[in-house]
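Going left to right, the sequence shown walks through residues 5 to 178 as our numbering numbers them.
For each residue, glycine too, the CB sits at the ideal point set by N, CA and C.
Step one of this worksheet: look at the structure below.
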Amino acid sequence: MQERTEFKILEVDRQWIAGVLAKSGAKLIFEGEIVTTYFDKPSENLVRSGRRLRLRKKADVATLSLRDKYLESLKGFVHEVEVEVSNYDEMLKMLKTLGYQEFKVFSKYRYDYEVDDVVVSFDKYQGDYDKIPEFMTIEADDEDEVYEWAERLGYAKKDCVAISIIDLINKYHK
Numbered sequence: 005m006q007e008r009t010e011f012k013i014l015e016v017d018r019q020w021i022a023g024v025l026a027k028s029g030a031k032l033i034f035e036g037e038i039v040t041t042y043f044d045k046p047s048e049n050l051v052r053s054g055r056r057l058r059l060r061k062k063a064d065v066a067t068l069s070l071r072d073k074y075l076e077s078l079k080g081f082v083h084e085v086e087v088e089v090s091n092y093d094e095m096l097k098m099l100k101t102l103g104y105q106e107f108k109v110f111s112k113y114r115y116d117y118e119v120d121d122v123v124v125s126f127d128k129y130q131g132d133y134d135k136i137p138e139f140m141t142i143e144a145d146d147e148d149e150v151y152e153w154a155e156r157l158g159y160a161k162k163d164c165v166a167i168s169i170i171d172l173i174n175k176y177h178k
């Protein structure tokens, strides 16, 4: 299982931060729409157990992932197993055939930057969830590295939050 630490910083000015990232040597590695479908199965109740089964389409790449102990202790730790699948639509059919039900479907526009082994992403949800302001996610190998990059980008440790998309919906989508 891959373990990374990620925190979000809410309501950011992407254009200003992108300039800081560019000066720091970060490269834009992805820009585009991402469609994400979360699944659950009544007999397994993944959501209640803190797990997330996710099928995602990012450009021409589809991935299936299982996040375990999601946001463990609200510390931002993510244990994740992710595999690339050859066909998003066929995997969607397969999951439904196996009894998994769509729990939530989201579409967002994302910008991913990478510098060293740190990924800084900006997400703006679309459609039913477009009231969620654009936010930034910093993902690194450990918590200290996330906080270091937050400070480089003009934010403090207190601005870094471990919050799920469900919590973001509850916060902004009224």
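Asked                                                                                                                           : Found
For M140, the residue or residues it bridges with in DSSP                                                                       : I13, F126
Minimum C-alpha distance to E37 - residue among Q130, R8, H83, V119                                                             : Q130
I142, buried or exposed, once every other Cβ within 10 Å from all chains shown has been counted against 16                      : buried
Reduced DSSP category for E183 - H, G, I as helix; E, B as strand; rest coil                                                    : Nothing in the structure corresponds to residue 183, since the chain is present only between 5 and 178.
K175 classed as buried or exposed, judged by whether at least 16 other C-beta atoms fall within 10 angstroms                    : exposed
Option in A63, D120, M140, T101 with minimal Cα separation from Y159                                                            : M140
Separation of D127 from S111, as counted between CA atoms                                                                       : 10 Å
Contacts around H177, its chain only, beta-carbon distance under 8 Å, and the 5 residues preceding and following it disregarded : D132, Y133, K135, I136
L25 - containing alpha helix (DSSP H), residue span                                                                             : 18 to 27
G36 - DSSP class collapsed to helix/strand/coil                                                                                 : strand
C-alpha gap between S69 and Y113, whole angstroms                                                                               : 20 Å
Residues bridged to A66 [DSSP beta-bridge criterion]                                                                            : K61, V89
Other residues of its chain near A180: CB distance less than 8 Å, five sequence neighbours each side excluded                   : No information on residue 180 is available, as it lies outside the stretch 5 to 178 that the chain covers here.
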